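Okay, so the sequence shown: first residue is 0 according to numbering that gives the first Met the number 0, each after it adds one. Input: a single structure, listed below in C-alpha cells.
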Amino acid sequence: MELWYTEKQTESFGITAKITKTYVDEQTEFQQLDMIETEEFGTMLVLDGMVMTTVKDEFVYHEMVAHPILFTHPNPEHVLVVGGGDGGVIREIMKHPKVKKAVLVDIDGKVIEYSKKYLPTIACELDNPRVEVIVNDGFMHIHDHKNTYDVIMVDSTEPVGPAANLFTRGFYQGIYEALKEDGIFVAQTDNPWFKADLIQTVNRDVKEVFPIVRVYGANIPTYPSGLWTFTMGSKKYDPLEVDTAAIPELDTKYYSPRLHKTAFVLPKFVEDIVK
Ligand code: SAM
Numbered sequence: 000m001e002l003w004y005t006e007k008q009t010e011s012f013g014i015t016a017k018i019t020k021t022y023v024d025e026q027t028e029f030q031q032l033d034m035i036e037t038e039e040f041g042t043m044l045v046l047d048g049m050v051m052t053t054v055k056d057e058f059v060y061h062e063m064v065a066h067p068i069l070f071t072h073p074n075p076e077h078v079l080v081v082g083g084g085d086g087g088v089i090r091e092i093m094k095h096p097k098v099k100k101a102v103l104v105d106i107d108g109k110v111i112e113y114s115k116k117y118l119p120t121i122a123c124e125l126d127n128p129r130v131e132v133i134v135n136d137g138f139m140h141i142h143d144h145k146n147t148y149d150v151i152m153v154d155s156t157e158p159v160g161p162a163a164n165l166f167t168r169g170f171y172q173g174i175y176e177a178l179k180e181d182g183i184f185v186a187q188t189d190n191p192w193f194k195a196d197l198i199q200t201v202n203r204d205v206k207e208v209f210p211i212v213r214v215y216g217a218n219i220p221t222y223p224s225g226l227w228t229f230t231m232g233s234k235k236y237d238p239l240e241v242d243t244a245a246i247p248e249l250d251t252k253y254y255s256p257r258l259h260k261t262a263f264v265l266p267k268f269v270e271d272i273v274k
C-alpha cells in the first residue's frame with residue numbers, strides 16, 4: 000500500500016509527497032513532530048502538519064535567512080537564532096568567520112534531538128564551539144537580553160501554537176531592545192499567495208518599530224505556494240546599500256553576491272502587499 004503525506008495549505012488546496020519510511024511520529028510537549036522519508040525530497044521534518052524542511056530544498060531557506068543579513072551588518076559578532084532547532088540556519092552562520100558566537104533558542108528540545116539524528120547534513124554545526132544551544136521560549140529570551148545582539152534571525156514555525164507570539168508587535172519591540180544600537184533582524188514571513196494578510200500586518204508592525212524595513216523573496220518548492228518572503232528590520236544598515244562587489248563567494252547553492260540585491264525585487268502583487 001502506498002503512503003502519501005499531504006499538507007493542506009488552505010481548506011481546498013495542498014501538496015502531497017510519497018512516504019517511503021516514518022522515523023518519528025510523536026506529540027512533544029509543544030507540537031506534533033513527524034520525521035518522514037519522502038521519495039522526491041528526502042528526509043522531511045513536519046511540525047503540526049506543516050513542512051519545516053526537507054533535505055533536497057533546505058538550502059534555499061537556510062541560506063536566505065542567514066546570508067543577506069550577515070552581509071548587511073559590517074560586524075556581526077553576536078547572533079541570535081529564535082527557533083531553527085533543525086540547525087540549518089546555524090550551519091550557514093558558521094560560514095561567517097566574523098561571527099564570534101551564535102545562540103540558538105528553540106522552545107522544543109525534541110526538534111534539536113531528532114534533527115541531529117535524522118537530519119545530520121542540516122544539524123551538522125550545532126555542536127560547533129561557537130554555538131550555544133538553549134531550549135527556551137524565544138519570546139522570553141529576547142525580553143531577558145537587552146542590548147545584546149548584532150543580528151537576530153527568527154526561524155520560527157507559522158503563527159500557530161508555540162510561535163503565535165513571535166508574530167506580534169510586542170515581539171518586534173523586544174527584538175529592537177535585544178539588539179545593539181546598530182542591530183538588524185530578519186524573520187521568515189510566510190507566502191504572499193495564501194498569507195498576504197499576515198505579511199501586511201507584520202510589515203506594518205515592523206515599520207512601527209524599525210526605521211529601515213525591507214522584504215525579499217525566495218523560491219522554496221515544499222513551502223506553501225513555493226514563493227516565500229522574509230522581512231528585515233534594521234536600525235542603521237540597509238541591505239540595498241551593501242557593496243555587493245565586496246561580498247566574498249561562499250560555499251552556497253542559492254545565495255550569491257549577485258542575488259543579494261535582486262532578491263529584494265518583488266513581483267508587483269507582492270510590492271502592493273508591503274507598500
Ligand atoms: N523553516 C521552517 C518554516 O518556516 O517552515 C521553520 C523551521 S522549524 C525548525 C521552527 C522552529 O521554531 C521549531 O523547531 C519550533 O520548535 C520553534 N519555535 C516555535 N515557537 C517557538 C518559540 N516561541 N520560541 C522558540 N522557538 C520556537
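We put the beta carbon where it would ideally sit given N, CA and C, even for glycine. Quick caveat: nothing in here was measured; it's all calculated off a predicted structure.
- Short of 7 Å from the beta carbon of G225, and not among the five residues preceding or following it, lie these beta carbons of its own chain, in chain order: N218 and I219.
- Around I141, the same chain offers L79, V81, I151, F170, G173, I174, E176 and A177 as residues with beta carbons nearer than 8 Å, after the five sequence neighbours per side are excluded.
- Taken atom to atom, the span from the alpha-carbon of V132 to that of V102 is near 6 Å.
- Nearest in C-alpha terms to T19, of all of F29, W3, E62 and G13, is W3.
- The beta carbon of Y113 is closer than 6 Å to those of V23 and M34 in its chain, skipping five residues each way along the sequence.
- Straight across, the Cα-Cα distance linking G48 with D136 is about 21 Å.
- If one requires a minimum length of 4 residues, the alpha helix (DSSP H) runs lying completely within the segment 227-273 are 258-261 and 267-273, in chain order.
- Checking the 7 Å criterion, the Cβ of L103 is out of range of every heavy atom belonging to the ligand SAM.
- Rounded to the nearest whole angstrom, the CA to CA distance from T71 to P247 is 13 Å.
- Buried is the label assigned to P191, since at least 16 other Cβ atoms lie within 10 Å of its Cβ.
- A straight line joining the alpha-carbon of I89 with that of F268 spans about 32 Å.
- By the Cβ-count criterion, L165 is buried, with 16 or more other Cβ atoms from all chains shown falling within 10 Å of its own Cβ.
- No Cβ-Cβ contact shorter than 8 Å links P73 with A262.
- Along the length of the segment 35-114, whole beta strand (DSSP E) runs at least 3 residues long occupy 41-46, 49-53, 77-82 and 100-105, reported in chain order.
- Scanning the segment 111-146 from its first residue to its last, the whole alpha helix (DSSP H) runs of 4-plus residues come out as 137-143.
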